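When we follow the UniProt record's numbering, the leftmost residue of the sequence shown carries the number 1, and every step to the right adds one. First comes the structure, then the notes that go with it.
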Amino acid sequence: MSSNAKNNFLGNNKLIALFITLLSIFLLHLIYDEFAPANSFLSLTPENFWFLRFFGRLHPLAVHFPVALLLFTAILELSTIKKFNSPLRPGIQILLIAGIVSSLISAIFGILLSGNAEYGENLILHQWLGICTAFLGIIVWFLHQKVLVKNQTLLIKTYRFALFMTALGVILAGHLGASLTHGDDYLSSTLPWTDDYENAENISFDINSISKDKDTLSKAQEKELNLKVRAIFAHNCYKCHGEEKVKGELRLDRKDFVFKGGENGEVIKPGNINESELFRRITLPSNHEDVMPSKGKKLSANDVAVINFWIQQGAPWPDGPDKNEVFNNAALAPRNPALPPASGIHTNPVDRWTNQYFVKNKIAWPKIVDDRTYLRRIFLDIIGLLPSQEDIDAFSKDTRPDKRAIWSRKLLDREDDYAINWLTFWNDALRNDYTGTGYITNGRYAITDWLYKSIKSNKPYDQFVKELVSPDESSKGFVEGIKWRGVVNASQRTEMQAAQNVSQVFLGLNLKCASCHNSFISDWKLDDAYAFANIFADTTLEINRCDKPTGKYTDARMLWKELGSIDNKAKVSVKRAQLAENMVKPQNGRLYRTLVNRMWAQIMGRGFIEPVDMMDNEPWSQDMLDWMAFNFQQNKSDIKELIFLITTSNTYQLPSAGFKDPNEIVAKEYKFTGRLRKRMTAEQFADAGASLFGTLFPDSMVRYKPVFTPAISQSSPLFTRASLVVNNPFLTALGRPNRETVSTSRESQANLLQALELTNGERFNSMLRKGAENWKLKYKNGDAIIKEVYKQALGRQVQANEFKVAKKILGDKPETDSIQDLFWAVMLLPEFQIIY
1 MSSNAKNNFL
11 GNNKLIALFI
21 TLLSIFLLHL
31 IYDEFAPANS
41 FLSLTPENFW
51 FLRFFGRLHP
61 LAVHFPVALL
71 LFTAILELST
81 IKKFNSPLRP
91 GIQILLIAGI
101 VSSLISAIFG
111 ILLSGNAEYG
121 ENLILHQWLG
131 ICTAFLGIIV
141 WFLHQKVLVK
151 NQTLLIKTYR
161 FALFMTALGV
171 ILAGHLGASL
181 THGDDYLSST
191 LPWTDDYENA
201 ENISFDINSI
211 SKDKDTLSKA
221 QEKELNLKVR
231 AIFAHNCYKC
241 HGEEKVKGEL
251 RLDRKDFVFK
261 GGENGEVIKP
271 GNINESELFR
281 RITLPSNHED
291 VMPSKGKKLS
301 ANDVAVINFW
311 IQQGAPWPDG
321 PDKNEVFNNA
331 ALAPRNPALP
341 PASGIHTNPV
351 DRWTNQYFVK
361 NKIAWPKIVD
371 DRTYLRRIFL
381 DIIGLLPSQE
391 DIDAFSKDTR
401 PDKRAIWSRK
411 LLDREDDYAI
421 NWLTFWNDAL
431 RNDYTGTGYI
441 TNGRYAITDW
451 LYKSIKSNKP
461 YDQFVKELVS
471 PDESSKGFVE
481 GIKWRGVVNA
491 SQRTEMQAAQ
501 NVSQVFLGLN
511 LKCASCHNSF
521 ISDWKLDDAY
531 AFANIFADTT
541 LEINRCDKPT
551 GKYTDARMLW
561 KELGSIDNKA
571 KVSVKRAQLA
581 ENMVKPQNGR
591 LYRTLVNRMW
601 AQIMGRGFIE
611 PVDMMDNEPW
621 SQDMLDWMAF
631 NFQQNKSDIK
641 ELIFLITTSN
651 TYQLPSAGFK
661 DPNEIVAKEY
671 KFTGRLRKRM
681 TAEQFADAGA
691 SLFGTLFPDS
701 MVRYKPVFTP
711 AISQSSPLFT
721 RASLVVNNPF
731 LTALGRPNRE
741 TVSTSRESQA
751 NLLQALELTN
761 GERFNSMLRK
771 GAENWKLKYK
781 NGDAIIKEVY
791 KQALGRQVQA
801 NEFKVAKKIL
811 GDKPETDSIQ
821 DLFWAVMLLP
831 EFQIIY
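The structure is reproduced here in structure tokens:
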């Protein structure tokens, strides 16, 4: 390009560059106003200027221009892929400029619009995608100008890559925008194979225990139906029609407001679906302007059916002392129901309760499992290891009638093995790890030494809780939380983290929703969460709703006033101490029920209540849970004795139950017939492999080295236990969480990542190969290897058909590769991986 041409070219673009710069500055100012922790010197928010609100409403109109222009630009650019200096180049330049300018304007209008209403959790992602796309477009324009001046191959490739990324950004931002206005299923609901297909007919539904065959419902059924409807309102409608926001003068959070209706009159006509405006709106197509909910996903077919049935039944809304209750709230106080009488061999208290449950549900007692199955269970459940061949032989030769109880006690007395196994569970629950976010910057503190010693010494649970809630230096990491770097959401302040984690771990209560806004999954309010968080705060926290300051404050207090008071003016250490004492009071039955439920779930595969962090759900046996919790508290909250009570019961020794559909495990209609089959944890699987075939983790990966107590009943570990090593891809693939958040249960279902790791994982295959090399030297022939691997890995003799298959793998003179293949096949057997 000549010098004159360059000057003309640059001159023609000065005004465009100036205009884009001004738009960018204005956009940056709005971003600062929107996301900065304090208002800027000149706040240009829609609340201050009516005309900004007006321009914000133009965002849905303006947003279509950059989508069309930038996508068309990208398509034209593709057509010039072989010849950059195409006759289309001037048109591309014009489209590019128009697309960039319109994207900046659209982003500006979008920020102005976002403050006018609530648009759901995808709003922030939609905003930032749009903003980043707009600024990326500026870079694209700049690169395009450079290419026109210097026609270089590298510049052309860079420009095209940036352009196509901009087009992709426009598509993603547009999709999120459509999801905000039309629902997440806007596109998928038109597909005939989806559950929400808009043209689906004759959708059936089940309202569980409520009978639709009767003309009238019982009082209990009316209450259950009403709670279902109110839960649907809470999950889907309170954002726009609740206490904090009243759109169209309609509130759906209280009986009087529901039947009063909104600005256009009544929305519910009891007994008349056709004249109920609310029902009409929830059944409109997703893209209809009157559809409810107006933002987010439409109600499911089952939710619509429940509301339909409720209105047809006269929209019952019982009054009474619990009239403000939306969700089920479990009793706080402990209960000590009378223990059922012993029956035959069922003398263990657990069995007496199970027998009562079986009789009530017409379930016959199955035959208990054999010695091999029981021994493998208690070894893995109590100490996390496979029984050795010596243990198997000794147990089989033990003729004492109470040998199972004796061996259970023997394993509980192996203090270090017991502590190492249960360290995994408590590390997950207390989000304690060896490395990770915060440890290097002193924004997070490990409690490993305190935790290990507490488990090993079988510290009483009430004392365990007190030392975590009101900690010293060795145990402060749990309530101190993680000090995230940079600006964080108000609900992630360390004080609020403490409130969330203490309530979740010790009380089975989810405060995470309520720490941002009034909960949609429980009756807890934003005020309750901040009151509890203030126990952990130096100064009273300002209440933030959805991360926006409200100017309101609340004093520190317990979640349940029955448990005592908190001195709001006291130091944090004093408030924590008061909380700790209040938490462990005998009248706090919820604390002890939560722990018993967790231990039952860990050992039996499924809790009395599921999920284990939602203790307001109904248990499959309320009396059994209440009695065990009361007995646990009265028995000095001794966790080992609780485990002994469970593992020595015939209930524990029942054959394991399996379910084809995992949803059946957590279903309300679940019936207990025995413990669930469960997969080994990542640490148990790793330790099992290491005990058979050699080291899986080198000593360099160990992050905590306990001082082992020599004892006759405990052998020193011959390999590195997985619960003591830093997290790594192998353990992550098999289910160990990152422990940045509380994790009180792990997924027991196999997944693709596990299959890939166990097939191609370098660490796993390296262990198998070293084991194969050692076994080849140790055993003389393939027959011996086959017999030994079945004895040591599965605790039994190899069967004839198994031997035949294994013999084909090894051959007459087994090589290392074939031995490794056999080991791999055995470790992937369900019989090896699953605790039956």
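Cβ coordinates follow ideal geometry from the N, Cα and C atoms, glycine included. Bear in mind that the values here come from a model prediction, so they are computed numbers and not experimental data.
Keeping to the same chain, check which residues put their C-beta closer than 7 Å to that of residue i; ignore five residues upstream and five downstream.
i	result
W775	I785, I819
T651	V350, D351, T354
W365	F358
Y461	L595, S637, I639
residue 837	Residue 837 lies beyond the residue range present for the chain, which begins at 1 and ends at 836; the question has no answer from this structure.
D567	V574, K575, Q578
A629	P334, G589, Y592, R593, V596
K269	E275, S276
K223	P318
For residue i, I'd like the list of residues in its chain whose CB is within less than 8 Å of its CB, leaving aside the five on either flank, ordered along the chain.
i	result
T744	D428, A429, Q504, V505, R598, V612, D613
F379	L385, L386, P387, D391, L411
A162	L136, I139, V140, L143
Q833	R679, M680, F685, M827
Suppose the cutoff is 6 Å on Cβ atoms and the five residues either side in sequence are ignored; what does the same chain contact list for residue i look like?
i	result
K146	L155
P293	N236
L828	none
N617	I609
Comparing C-alpha positions only, which one of the options sits nearest to residue i?
i	options	result
I665	F708, G605, F697, N631	G605
K219	E669, Q313, D817	Q313
S457	Q653, K245, K640	K640
I643	A601, D623, T681	A601
D253	N336, K269, N308, F327	F327
R376	G795, A806, D817	G795
L734	Q389, P401, S748	S748
I25	T80, A74, I131, P87	I131
F536	T648, L645, V502, L511	V502
V805	K459, V267, V826, L724	V826
K245	C546, D783, A529, K585	C546
P340	D812, D528, L278, D623	D623
E415	I311, A315, P706, K298	P706
Between residue i and residue j, how many whole angstroms is the CB-CB distance? I'm expecting something under 8 Å.
i	j	result
N582	M558	6 Å
L141	I97	Strictly speaking, residue 141 in this sequence is Trp, with Leu absent from that position. With 8 Å as the limit, W141 and I97 qualify as a contact, their Cβ atoms being about 7 Å apart.
I447	N421	I447 to N421, Cβ: 18 Å. No contact.
L113	H59	4 Å
E556	A531	It should be pointed out that residue 556 corresponds to Ala in this sequence rather than to Glu. The Cβ separation is near 6 Å, so the contact holds.
A74	F164	6 Å
Applying the criterion that 16 or more other CB atoms from any shown protein chain within 10 Å of the CB defines a buried residue, is residue i buried or exposed?
i	result
E495	buried
E201	Unreliable placement is indicated for E201, whose pLDDT of 33 sits below 50; the coordinate value is still reported in the next sentence. E201 should be labelled exposed.
N151	exposed
E243	exposed
D817	exposed
T424	buried
P192	Reliability of the predicted coordinates at P192 is poor, the pLDDT of 39 falling under 50, and no value is obtained from them.
N518	buried
residue 837	Since the first residue shown for the chain is 1 and the last is 836, residue 837 is missing from the structure and cannot be characterised.
S491	buried
G477	buried
Y670	exposed
K397	exposed
residue 864	Because the chain spans 1 through 836 in this model, residue 864 falls outside it and cannot be assessed.
Q799	exposed
N85	exposed
If we define contact as Cβ-Cβ less than 8 Å, is residue i a contact residue for chain B?
i	result
A305	Considering every chain present, this structure includes no chain B. It has just one protein chain.
message: Using 8 Å as the cut-off, can you tell me whether the segment 124-144 makes contact with the segment 89-104, which would need three or more C-beta pairs spanning the two stretches below that distance?
response: yes
- prompt: How about the segment 761-774 and the segment 660-680: do they share at least three Cβ pairs that are nearer than 8 Å?
  reply: no
task: For the segment 683-699 and the segment 394-413, state whether three or more C-beta atom pairs, one from each stretch, are separated by less than 8 Å.
output: no
At least three beta-carbon pairs within less than 8 Å, the segment 538-552 to the segment 462-471: no
message: Between the segment 258-271 and the segment 329-343, can you find at least three pairs of beta-carbon atoms closer than 8 Å?
response: no
- prompt: Does the segment 475-485 come within contact of the segment 439-458, defined as at least 3 CB pairs closer than 8 Å?
  reply: yes
field: Touch test, the segment 75-94 against the segment 103-112, Cβ-Cβ under 8 Å, three pairs minimum
entry: no
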